[in-house]
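Residue numbers (this note's numbering): 14 to 380.
The beta carbon of each residue, even a glycine, is placed where N, CA and C say it ideally should be.
Notes to accompany the following structure.
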Amino acid sequence: MHIHSPRSQKAFLGSASVFTLIVFFLFARHFHALSAFTRHSFQTSSTYDPLTDPSEGGPRVQQATTTLHDEYDPAFERAIKSHIKHGEAWGYPTHVLRHSMLDGNSQFNKISYLQMLLLSEMVKPYGQRAGWIVWFDADTIILNPKVPWTIFLPPTTLPNIHLIASKNWDGFNSGVFFLRVHEWSVKMLADAQAIPSLRPEITIKWADQSAMLESFSRPQFRDAVAYQPLHWYNAFQLQKSLVKDKPDVHPGDMLIHFAGLMKDKRAIMGPWLDKVENTADQWTVPVENTTYLRDVQEYWDTYAQAKNTLNRANDTLALGSSVVESTQAVEDAYASLQDMIWTAADNLEGMQSRTQSLGDALEQAVR
């Protein structure tokens, strides 16, 4: 009788993960038969998006979600419809998974579905792929369809950012996030999905959300992640704000997310869905009349300046102590800014302050 050692079992599980990816590649062309989704042609969009990716012929953004309920769920279906209408306006195909891909491990359907979508794009020739996939949970509602997803994407001068997300009080929130159609995304998701099997010592508190955070926080992935302010496209409607009648969203805001809420979720979503469907004009504001364009530009300018300052520091430190004084001060300021970029780039004041501190340290260090 052959007895598997823990090491051989881990090797087997790792091989199984690789095999799964190969299967995804082989069957990606048959994706339409494997999942239920709605797709709308980019060419038929009635709204011009000036940020169409010039290097790809497909829509720059596709959007995806899942609803895995045994019975029809009116609240979630109405919420998804708000996203489908938003996609129709801007030319974003919308993919909806309505059945579990993983029996017995349904909490990881999000990761598996995203892998399928990514690979179904990557088998296409260059020039026909989408640029990004935007994930939205089915308990999110588009409030202002005049705001396109593309305004949040990085400029072409920052080509190595592959995941854009937001944080709440508990860290990374997977209710809404952006994944670039790229090998990096496939590898990161494969790593996240393998965590429960290959690294069982790691506590996975929130299923896919915790697994993804654990994965993209690792050294080989973290440089490609950018956190943006939560209120831009992942604002929460919490019970406490409902009671105080001080919602966390305002007219012109893009989206509201009903995270948590447990049994009260659908009851709280209902009035908001009524507002969107019956009094849309109160929430719809042209993007140029909001602060989005200005705020996003400031964000990416701040991010780029921080990265450029880190690069300058690297070049300066490479000169050695014979040329550079106070290298410890530079190294400390460097580490502080680098940590901010990795974990809290949504804090613009903090980013600007630490960038300035590193810049000052560099000025003082060079003889």
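Option nearest residue i by Cα separation, candidates the options
i	options	result
V160	A326, T78, Y105	Y105
Y305	Q241, H195, I93, E227	Q241
Y139	D352, Y347, R73, S95	R73
R91	E214, E290, L350, W162	E290
V262	I154, P87, K200, G372	I154
A143	S133, A378, V309	S133
E376	R235, Q75, F190, A342	A342
L110	P168, T169, I93	I93
G188	I177, S198, E196, V194	I177
T329	P213, D277, A378, T163	A378
F190	Q310, W285, T163, K288	T163
P232	Q351, S366, T107	Q351
T356	V136, N181, T107, P87	N181
H107	P209, K137, T79	His is not the amino acid found at residue 107; the sequence shown has Thr there. It is T79.
H195	D86, S230, V136	V136
V300	S339, F165, P87	F165
R245	T303, R279, Y85, P209	The sequence as given places Trp at residue 245; Arg does not occur at that position. Of the candidates T303, R279, Y85, P209, the one whose C-alpha sits nearest the C-alpha of W245 is T303.
Buried or exposed by the 16-neighbour rule on C-beta atoms within 10 Å, applied to residue i
i	result
H175	buried
K123	buried
A319	buried
T368	buried
L39	With a pLDDT of only 42 at L39, under 50, the local geometry of the prediction cannot be trusted, and no value is derived from it.
M201	buried
M275	exposed
Q222	buried
Q75	buried
L26	Low local confidence applies: a pLDDT of 40 at L26 is under 50, so the model's placement there is unreliable, with the coordinate-based value given in what follows. Under this definition L26 is an exposed residue.
D294	exposed
I215	exposed
L169	It should be noted that the sequence gives Thr, not Leu, for residue 169. Answer is exposed; the Cβ neighbour count stays below 16.
W285	buried
N247	buried
D266	buried
T292	exposed
R193	buried
P167	buried
Q141	exposed
Contact check, residue i vs residue j, beta carbons under 7 Å
i	j	result
A77	W148	yes
I281	L156	no
W296	P264	yes
A358	A239	yes
F385	A272	Here the chain covers residues 14 to 380 and nothing more, so residue 385 does not appear.
T322	L371	yes
L130	I146	yes
F383	L127	This structure gives no information on residue 383, because the portion of the chain shown stretches from 14 to 380.
S228	D204	yes
L81	S113	yes
A224	I217	yes
M353	T315	no
A374	A346	yes
L383	F185	This structure cannot speak to residue 383, because the chain is shown only from 14 to 380.
A151	F234	no
H99	P158	yes
A237	N173	yes
Per DSSP, cross-strand counterpart(s) of residue i
i	result
Y240	A178
R193	W145
G184	N181
A77	H108, W148
I154	I269
Short CB-CB distance (under 7 Å) between residue i and chain B
i	result
V289	Here there is only one protein chain, and chain B is not present.
Proximity test, residue i beta-carbon vs the ligand ATP heavy atom, cut-off 6 Å
i	result
L268	Summarising the ligand content, the structure contains no ligands, and the ligand ATP is consequently not present.
Exercise for the section: Jot down the residue ranges of each uninterrupted alpha helix (DSSP H) in the stretch 247 to 301, minimum 4 residues, whole runs only, in chain order. Expected result: 252 to 256, 278 to 291, all fully within the stretch 247 to 301.
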